[in-house]
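Here is the structure we will look at, set down as structure tokens.
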Amino acid sequence: MTSTGQGGAMARRGRRRGAAVSRENILDAARRLFAEHGFEGTSLRQVARAAGVDPAMIHHFFKGKDELFALSVELPADPEEVLRGVADTDPGQRAELLVRTVLHLWESPAQASLVAFLRGTLGSRAKTALLREMVGRTIISRIMAGVPGQPAEVALRGDLVASQMVGLMMVRYVVRLEPLASAGQDEVVRLAAPNVQRYLTGDLFEQGRR
1 MTSTGQGGAM ARRGRRRGAA VSRENILDAA RRLFAEHGFE GTSLRQVARA AGVDPAMIHH
61 FFKGKDELFA LSVELPADPE EVLRGVADTD PGQRAELLVR TVLHLWESPA QASLVAFLRG
121 TLGSRAKTAL LREMVGRTII SRIMAGVPGQ PAEVALRGDL VASQMVGLMM VRYVVRLEPL
181 ASAGQDEVVR LAAPNVQRYL TGDLFEQGRR
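This is how it looks when you write it as structure tokens:
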């Protein structure tokens, strides 16, 4: 009886290890395919084929392609949760909330993971491709929700906002240039938000017309 019980335990442990391997194989395959083909160009069937598993196995471990993509990017924080409420704010008054929200995230216990993620991403072409896809689909789309204008103009505005915010995070938290690195949150918001707001809804070509 004891032998049978031990064998059963070993079998269960083996199944758990097998399940973990299958899940990691799926994530590894998804990372490669999303990096090469983007979100829209990658299907769950392609991921299953590359991982060597049945497509049903993906649905066993993941809710769907959106969750698989989010886990493939390995973000230290959930953009949907962090940016909750930003899209509901008047676009003409959105910059201050956006800057303050991002500063709050980066000055939370998640800061070490965020810095490590950003540094690791910049050193990997595959991770950079995944991050670019994630920023476009999940982050910029929420930040730019409801901003008026033609699609091309809104897309340009979104890229400019991203450049401002990524640059701010790099200088303040990764490179840590002074005096910006030690400035208080209120001061950073006061200095950065007007430029972010101009990118969101202001006249992008005002200086060029003077």
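Read left to right, the sequence shown gives residues 1 to 210 (UniProt numbering). Every residue, glycine too, gets a C-beta built ideally from N, C-alpha and C. None of these values were measured; they are calculated from a predicted model.
Identify which residue in 100, 69, 28 has its Cα closest to the Cα of residue 186.
-> 100
So residue 56 packs on residue 25, CB below 8 angstroms; how close in whole Å?
-> That belief does not hold up - the Cβ atoms of residue 56 and residue 25 are roughly 15 angstroms apart, past 8 angstroms.
Nearest-angstrom Cα distance between residue 104 and residue 150?
-> 32 angstroms
Would you say residue 113 faces chain D, with C-beta separation under 8 angstroms as the test?
-> No chain D appears in the structure shown, which is made up of a single protein chain.
Within the same chain, show all residues whose beta-carbon is closer than 8 angstroms to that of residue 118, passing over the 5 residues directly before and after it, in chain order.
-> 169, 170, 174
Please name the residue, chosen from 78, 102, 136, 59, that lies closest to residue 167 on a Cα-to-Cα basis.
-> 102
Give the straight-line distance between the Cα atoms of residue 85 and residue 109, rounded to the nearest whole angstrom.
-> 21 angstroms
Check residue 84 in the structure and name its three-state DSSP category.
-> coil
Consult DSSP for residue 62 and reduce its assignment to one of helix, strand or coil.
-> coil
Please list, in chain order, all residues of the same chain as residue 181 whose beta carbon is under 6 angstroms from its beta carbon, the five residues on each side excluded.
-> 172
Three or more C-beta pairs below 8 angstroms linking the region 59-72 and the region 146-164 = no
Count the other C-beta atoms from every protein chain shown that fall within 10 angstroms of the C-beta of residue 133, then say buried if there are 16 or more, exposed otherwise.
-> buried
Mind the definition here: the region 67-81 touches the region 26-35 only if three or more C-beta pairs lie below 8 angstroms; say whether that holds.
-> yes
What do you get for residue 197, buried or exposed, if any count of 16 or more other CB atoms within 10 angstroms of its CB means buried?
-> buried
If you run the structure through DSSP and keep just helix, strand and coil, what is residue 78?
-> coil
Residue 142 versus residue 83: straight-line alpha-carbon distance, rounded | 7 angstroms
Ordered along the chain, which non-local residues of its own chain (more than five positions away) have a Cβ less than 7 angstroms from that of residue 137?
-> 39
Got a sec, what are the start and stop residues for the alpha helix (DSSP H) residue 39 sits in?
-> Looking at the DSSP string, residue 39 is not in any alpha helix (DSSP H), and its letter there is neither H nor E.
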